[in-house]
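Enquirer:
Number of protein chains: 2
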Amino acid sequence: MIQMYDLAAADPAVRFSPYCWRTRMALAHKGLDVETVAWRFTERDAIAFSGQGRVPVIRDGDTVVFDSWAIARYLEARYPDRPSLFGGSKGEAHARFINSWADGVLNPGLIRMVLGDVFAVIAEKDREYFRTSREARFGAPVDQVQAGREQTVVGFRQSLTPVRTTLEAQRFLGGDEPSYADYIVFGGFMWVRAVSNFELLDASDPIAAWRERMLDLHSALGRNAPRAQQASGA
Amino acid sequence: MIQMYDLAAADPAVRFSPYCWRTRMALAHKGLDVETVAWRFTERDAIAFSGQGRVPVIRDGDTVVFDSWAIARYLEARYPDRPSLFGGSKGEAHARFINSWADGVLNPGLIRMVLGDVFAVIAEKDREYFRTSREARFGAPVDQVQAGREQTVVGFRQSLTPVRTTLEAQRFLGGDEPSYADYIVFGGFMWVRAVSNFELLDASDPIAAWRERMLDLHSALGRNAPRAQQASGA
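Residue numbers (the working numbering), protein chains in the order written: chain A, 1 to 234; chain B, 1001 to 1234.
(1) With a threshold of 6 Å on Cβ separation, who are the neighbours of B:Gly1053 within its own chain once the five nearest residues in sequence on each side are excluded?
(2) Under 7 Å Cβ-Cβ, which residues of chain B neighbour A:Ile98?
(3) Out of B:Ile1184, B:Leu1007, B:Glu1076 and B:Gly1188, which one is the CA nearest neighbour of B:Gly1107?
(4) Helix, strand or coil: which one does DSSP assign to B:Ile1111?
(5) For A:Ile122 and A:Phe16, I'd like the C-alpha separation in whole angstroms.
(6) Which of the three DSSP states is assigned to A:Ala8 in this structure?
(7) At which residues does the alpha helix (DSSP H) containing A:Ala46 begin and terminate?
(8) At a cut of 8 Å, does the region 1206–1218 of chain B reach the region 1162–1182 of chain B through at least three beta carbon pairs?
(9) Taking just the CA atoms, how far does B:Val1154 sit from B:Tyr1019?
(10) Out of A:Arg40, A:Val64 and A:Ala28, state which residue places its alpha-carbon closest to the alpha-carbon of A:Ala8.
(11) In the region 120–185 of chain A, which residue ranges form an unbroken alpha helix (DSSP H) of at least 4 residues, counting only runs that do not cross its ends?
(12) With a threshold of 6 Å on Cβ separation, who are the neighbours of A:Glu92 within its own chain once the five nearest residues in sequence on each side are excluded?
(13) Is it the case that the CB of A:Ser17 approaches a heavy atom of the ligand SAH more closely than 7 Å?
(14) On the DSSP letters alone, give me the boundaries of the beta strand (DSSP E) that B:Ala1038 sits inside.
(15) What is the rounded straight-line gap between the Cα of A:Asn224 and the Cα of A:Arg171?
(16) Using C-beta distances below 8 Å, list every residue in its chain close to A:Leu200, excluding the 5 sequence neighbours before and after it, in chain order.
(17) If you draw a straight line from the alpha carbon of B:Leu1173 to that of B:Thr1166, how long is it in whole angstroms?
(18) Using a beta-carbon distance cut-off of less than 8 Å, what residues from the region 101–112 of chain A approach chain B?
(19) Once DSSP output is grouped into helix, strand and coil, what is the label at A:Asp117?
(20) With DSSP run on the structure shown, which of helix, strand or coil describes A:Phe97?
(21) Rank B:Asp1062, B:Ser1084 and B:Gly1061 by C-alpha distance to the C-alpha of B:Ala1072 and give the top, closest one.
(22) Let me check one thing: in DSSP terms, what residues is A:Asp60 bridge-paired to?
(23) So with Cβ pairs under 8 Å, would you call B:Pro1083 a contact of chain A?
(24) Can the beta-carbon of B:Thr1063 be found closer than 8 Å to that of B:Asp1126?
(25) DSSP has B:Gln1003 in a bridge; who is on the other side?
(26) Grouping DSSP H, G and I as helix and E and B as strand, with all else coil, what is B:Arg1015?
(27) Where do the ends of the alpha helix (DSSP H) carrying A:Ser68 lie?
(28) For A:Tyr129, collect the residues of the same chain with a Cβ closer than 8 Å to its Cβ; drop the 5 residues on either side in sequence, then sort them by chain order.
(29) Distance check for A:Arg131 and A:Glu124, CA to CA, integer angstroms please.
(30) Chain B beta carbons: is any one of them nearer than 8 Å to that of A:Gly91?
(31) Contact check, A:Phe198 vs A:Trp21 under 8 Å by CB: the rounded distance?
(32) Quick one: residues in its chain with C-beta nearer than 6 Å to the C-beta of A:Ala13, no 5 flanking neighbours on either side, listed in chain order?
(33) Tell me, to the nearest whole angstrom, how far the beta carbon of A:Pro56 is from that of A:Phe49; I am working on the premise that it is less than 8 Å.
(34) From which residue to which residue does the alpha helix (DSSP H) around A:Ser232 run?
(35) If we define contact as Cβ-Cβ less than 8 Å, is A:Thr161 a contact residue for chain B?
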């Protein structure tokens, strides 16, 4: 069985990395069983075998792969008879643009709205690392970056225009069926869902309807994923 | 031979529509001969046969198709044995995201930097229509929208991050070879090239190197395209 190191909150059942969620969904798309290992930011020793310090990392037999994009390519090449993630070389090349957009626009936009919510749920031992690194990146106290999000969400929604326009024309970013492109973008929404009850989307947004379809995929893997107490309102 | 209605400047040899350039490049990719017909904004009667008032419009035998995306899909379906534009259904679905990004981010960013240059080269009979419609859209005199572009270009370059990151990893947006995704983005650069000598890109930008490769494709179709005098500095 494939083993996957997966970023976890203080509650080890809560998994919130947008990049790990790309990989979880890709594994499910391929119909591959996976054993996830809860991992915290500061547990670099635990994944030192991968030669670097970030997740997702997968171990498939003797093969170790890190980086969500590299993992998706590995799975597509290693399991070509399972449902395709990319639909060929042009599909993969075009998906890389969507990956670049998500890394450069979507995820930076998202984190500004939930950074404090993330900070509130991570493991105690991760807090100092997280605070120091994020305060350096954002130039503000970690619990204040998301202040005013009821206003900044307006611009964030505007930045989603390429997703919205695409989903007005087709059911999934992959067309009639989901592809890795959908998992790239969905990962960002799972990140927020895991840690926050802040609503990113207007209920009438076509992206909100797509998100519901995505939550139901692969035996409702996303919908059934545990959320932090503050996220679920429990 | 396929006939294509193509937006022209006062000089009928200067063709500057980013959407028409998508179609020109797609036709060349398919190796299809084309006869272009110079068309001006106000010549709606000339394309009334298409049932709408904008270019590109193509006529292929008895078939009339308008809208650059619809034309690309038509060409792919009608000429399946020619080089593929999309590489299958997922490649097409993912390309639609890139199309949406270009329509919603790239092209709106570009026009703010060259609106006055466009206005300066269009046909006399188009000027009143263009001025009125663009001043309504931009809320400013048509020759002042591009003011300060030496500063606004910095933010524009930042908006190209998804293209840049992708081209750092692969030769074309389509992968090793160009696909319709490349033509979508390249159309915007041909728009600017036709009408302006304003330099959009830093010389060291990977997108600049890609643009050179694109200009050379299909017997240097882009590089050999006539530019307005003010653009070429002639």
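Don't be surprised by glycine CBs; every beta carbon is placed ideally from N, CA and C.
Expert: Straight from the coordinates:
(1) Position 53 of the second sequence, counted from the first residue, corresponds to residue 1053 of chain B. Within the same chain, Arg1044 come within 6 Å of B:Gly1053 by CB-CB distance, once the 5 residues on both sides are set aside.
(2) Against the first sequence, residue 98 of chain A aligns to sequence position 98. What A:Ile98 touches in chain B: His1094 and Phe1097.
(3) The count along the second sequence starts at 1 and reaches residue 1107 of chain B at position 107. A small fix is needed here, since residue 1107 of chain B is Asn in this sequence, not Gly. Of the listed residues, the one whose Cα sits closest to B:Asn1107 is B:Gly1188.
(4) Position 111 of the second sequence, counting from 1, holds the residue named residue 1111 of chain B. The three-state secondary structure of B:Ile1111, taken from DSSP, is helix.
(5) For the purposes of this step, residue 122 of chain A is taken as the residue at position 122 of the first sequence. For the purposes of this step, residue 16 of chain A is taken as the residue at position 16 of the first sequence. Their Cα atoms are separated by approximately 10 Å.
(6) Along the first sequence, one-based indexing puts residue 8 of chain A at 8. A:Ala8: strand per DSSP, three-state reduction.
(7) Counting from 1 along the first sequence, the entry for residue 46 of chain A is found at position 46. Here A:Ala46 belongs to no alpha helix (DSSP H), and DSSP marks it neither H nor E.
(8) yes
(9) For the purposes of this step, residue 1019 of chain B is taken as the residue at position 19 of the second sequence. For the purposes of this step, residue 1154 of chain B is taken as the residue at position 154 of the second sequence. Each residue's Cα considered, the two are about 24 Å apart.
(10) As a working mapping, residue 8 of chain A is identified with position 8 in the first sequence. Nearest option by C-alpha distance: A:Arg40.
(11) 127–138, 149–159 and 161–169
(12) Position 92 of the first sequence, counting from 1, holds the residue named residue 92 of chain A. So the list reads Phe86, once near-sequence residues are dropped.
(13) This structure simply doesn't include the ligand SAH, nor any ligand for that matter.
(14) Walking along the second sequence from the start, residue 1038 of chain B turns up at place 38. That run of the beta strand (DSSP E) goes Val1034 to Trp1039.
(15) For the purposes of this step, residue 224 of chain A is taken as the residue at position 224 of the first sequence. For the purposes of this step, residue 171 of chain A is taken as the residue at position 171 of the first sequence. Looking at the two C-alpha atoms, the distance is approximately 22 Å.
(16) On the first sequence, position 200 is the one that residue 200 of chain A refers to. The answer, listed in chain order, is Leu110, Met113, Val153, Phe156, Arg157, Phe189 and Val192.
(17) Residue numbering aside, residue 1173 of chain B sits at position 173 when the second sequence is read from its first letter. Residue numbering aside, residue 1166 of chain B sits at position 166 when the second sequence is read from its first letter. Taking the straight line joining both Cα atoms gives about 7 Å.
(18) Trp101, Asp103, Gly104 and Val105
(19) One-based indexing of the first sequence puts residue 117 of chain A at position 117. Helix.
(20) In the first sequence, the residue the question calls residue 97 of chain A occupies position 97. The three-state secondary structure of A:Phe97, taken from DSSP, is helix.
(21) Along the second sequence, read from residue 1 onward, the residue named residue 1072 of chain B stands at position 72. For the residues B:Asp1062, B:Ser1084 and B:Gly1061, the minimum Cα distance to B:Ala1072 belongs to B:Ser1084.
(22) The sequence position of residue 60 of chain A within the first sequence is 60, counting from 1. Partner(s): A:Thr63.
(23) The sequence position of residue 1083 of chain B within the second sequence is 83, counting from 1. No, B:Pro1083 does not count as interfacial toward chain A.
(24) On the second sequence, residue 1063 of chain B is found 63 positions in, with the first residue counted as 1. On the second sequence, residue 1126 of chain B is found 126 positions in, with the first residue counted as 1. Taking 8 Å as the Cβ cut-off, B:Thr1063 and B:Asp1126 do not qualify as a contacting pair.
(25) Here residue 1003 of chain B refers to the residue found at position 3 of the second sequence. BP columns for B:Gln1003 point to B:Glu1035 and B:Arg1059.
(26) Position 15 of the second sequence, counting from 1, holds the residue named residue 1015 of chain B. When secondary structure is reduced to three states using DSSP, B:Arg1015 falls in the strand class.
(27) Your numbering for residue 68 of chain A matches position 68 in the first sequence. Here the alpha helix (DSSP H) through A:Ser68 covers Ser68 to Arg78.
(28) Position 129 of the first sequence, counted from the start, is the residue given in the question as residue 129 of chain A. Only Phe41 and Thr42 meet the Cβ criterion.
(29) Numbered from 1 along the first sequence, position 124 holds the residue referred to as residue 124 of chain A. Numbered from 1 along the first sequence, position 131 holds the residue referred to as residue 131 of chain A. Between A:Glu124 and A:Arg131, the C-alpha separation is close to 11 Å.
(30) As a working mapping, residue 91 of chain A is identified with position 91 in the first sequence. So yes, A:Gly91 belongs to the interface.
(31) The count along the first sequence starts at 1 and reaches residue 198 of chain A at position 198. The count along the first sequence starts at 1 and reaches residue 21 of chain A at position 21. Their Cβ separation, rounded to whole angstroms, is 17 Å, which puts A:Phe198 and A:Trp21 out of contact at 8 Å.
(32) Taking the first sequence and counting its residues from 1, one reaches residue 13 of chain A at position 13. Hits under 6 Å: Pro226.
(33) Working through the first sequence from its first residue, we reach residue 56 of chain A at position 56. Working through the first sequence from its first residue, we reach residue 49 of chain A at position 49. Between A:Phe49 and A:Pro56 the Cβ distance is about 14 Å, and since that is not below 8 Å, they are no contact.
(34) Taking the first sequence and counting its residues from 1, the one referred to as residue 232 of chain A is at position 232. Here the alpha helix (DSSP H) through A:Ser232 covers Gln229 to Ser232.
(35) Start at 1 with the first residue of the first sequence, and residue 161 of chain A comes out as number 161. By this cut-off, A:Thr161 is an interface position.
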